[in-house]
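Taking it in order: structure first as structure tokens, then the write-up.
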Ligand code: MRU
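In our numbering, the protein residues as written are -9 to 319.
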């Protein structure tokens, strides 16, 4: 399954807002359509939006003349479609740097990024599965948060790629996917991917994670990242920090899996990162039903910061950084 691809002269995505009930491939032929897909989370996950941004620049380079104001404006709007995952700005910048070389060069750069993310997923899956074997022994019972599978990357996944690799090796105990309010990436998307892969899993409400850990029902927590700062602070989907605190309290490994394209050494700590605020509407109801009194306002940070000292190890496609042993990025 490919989450995103360049097909003919447009970008094609699996529309993640329609899952798990409908698998719809959407064709994005304009820059505005790409931006809307990123903002609405039709395409989502740090590596996937990095690729979407780069392919969006390739689209822009086909639609607008070189060095035109329209092209510069399209690049700027793609770059700022979402603020938190470093991959988006990086993917856009990388493709945009090739604009002087012509539109085919821009597309080649974007498709090279897509191929690199695909290879990175495979490398992380192997390294993460090996690490969990070392830390937890055979058949660990894992808790994961949000969606970090093929849907969040191109194929494969980050943390969820490790889970499916352990399953492929016959070395996985079980998995709890935390629901991930408010947009339910865990309940809708991770559950969908795990079911298709034939993995034994349960869904739990987000608040259950630390309690399941305290009860001895989880051996390790494994999550992805949207940005990893120079000091190891990890920005990931809201709710991750609570799981990290639960893991520390229960004495469990807390593992972050993300490609090098998510490591941002230019940002010193998590305090410097803009956390996307997605407004009240996603929180004051559940699916289409209002659950709060009319007029209720919500606070809705889409991500949180897990301090580096709560992270046992960071697994990238190129290295395993054991923060628990004092190793540094
Ligand atoms: O808002 P989203 O769904 O785009 O959030 C991104 C994520 O999927 C998660 O934070 C994820 O754990 C990191 S991306 C592999």
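From the three backbone atoms N, C-alpha and C, an ideal C-beta is built for every residue, glycine too. Just so it is clear, the structure is predicted and the values come from calculations on it, not from any experiment.
Query raised in the report: Quick one, which of 219, 256, 225, 209 has its alpha-carbon nearest residue 236's?
Result: 209
Query raised in the report: Any idea what DSSP makes of residue 37, helix, strand or coil?
Result: helix
Requested in this report: Identify, in the order they occur along the chain, each residue of the same chain with its Cβ nearer than 7 Å to the Cβ of residue 176, setting aside the five sequence neighbours on each side.
Outcome: 135, 136, 137, 167, 168, 169, 170, 193
Query raised in the report: At which residues does the beta strand (DSSP E) containing residue 72 begin and terminate?
Result: Note, residue 72: premise wrong, no beta strand (DSSP E); not H, not E.
**Report entry** For residue 291, the residue or residues it bridges with in DSSP
**Finding:** 267
**Report entry** Nearest-angstrom Cα separation, counted from residue 88 out to residue 41
**Finding:** 15 Å
Query raised in the report: To the nearest whole angstrom, what separates the beta carbons of residue 189 and residue 153, a pair I think is in contact under 8 Å?
Result: 7 Å
Query - Distance cut-off 8 Å: residue 260 Cβ against heavy atoms of the ligand MRU - result: no
Query - Span separating the alpha-carbon of residue 15 from that of residue -5 - result: 10 Å
Query raised in the report: Taking the runs of the beta strand (DSSP E) that are 3 residues or longer, which of them lie wholly in the stretch 160 to 248?
Result: 164 to 168, 191 to 194, 210 to 213, 217 to 219, 224 to 227, 244 to 247
Requested in this report: Can you say whether residue 284 is buried or exposed, counting buried as having 16 or more other CB atoms within 10 angstroms of its CB?
Outcome: exposed
Requested in this report: Could you name the residues of the same chain whose beta carbon sits closer than 8 Å to that of residue 292, not counting the 5 residues immediately before and after it, in chain order?
Outcome: 74, 227, 228, 265, 266, 267, 268
Requested in this report: Just mark residue 50 as buried or exposed, buried being the case when its beta carbon has 16 or more other beta carbons within 10 Å.
Outcome: buried
Query raised in the report: residue 20 by DSSP, collapsed to three states: which one?
Result: coil
Query raised in the report: What first and last residue would you give for the beta strand (DSSP E) that runs through residue 135?
Result: 131 to 135
Report task. Look up residue 279 in the DSSP assignment and give the residues it is bridged to. Result -> 276
Report task. For residue 130, verify whether its CB is less than 8 Å away from any heavy atom of the ligand MRU. Result -> no
Query - Rounded C-alpha distance that separates residue 114 from residue 286 - result: 42 Å
Query raised in the report: Considering only the beta carbon of each residue, do residue 301 and residue 247 sit closer than 9 Å?
Result: no
**Report entry** CA-to-CA distance, residue 148 to residue 180, given in whole angstroms
**Finding:** 12 Å
Query raised in the report: So what does residue -5 bridge to, in DSSP terms?
Result: 2
Requested in this report: Please confirm if the stretch 47 to 65 is in contact with the stretch 120 to 132, defined as three or more CB-CB distances below 8 Å between the two stretches.
Outcome: no
**Report entry** Through-space distance from residue 303 to residue 205, alpha-carbon basis
**Finding:** 23 Å
**Report entry** Segment limits, alpha helix (DSSP H) that includes residue 95
**Finding:** 93 to 126
Query raised in the report: Which residues does DSSP pair with residue 305 in a beta bridge?
Result: 247, 310
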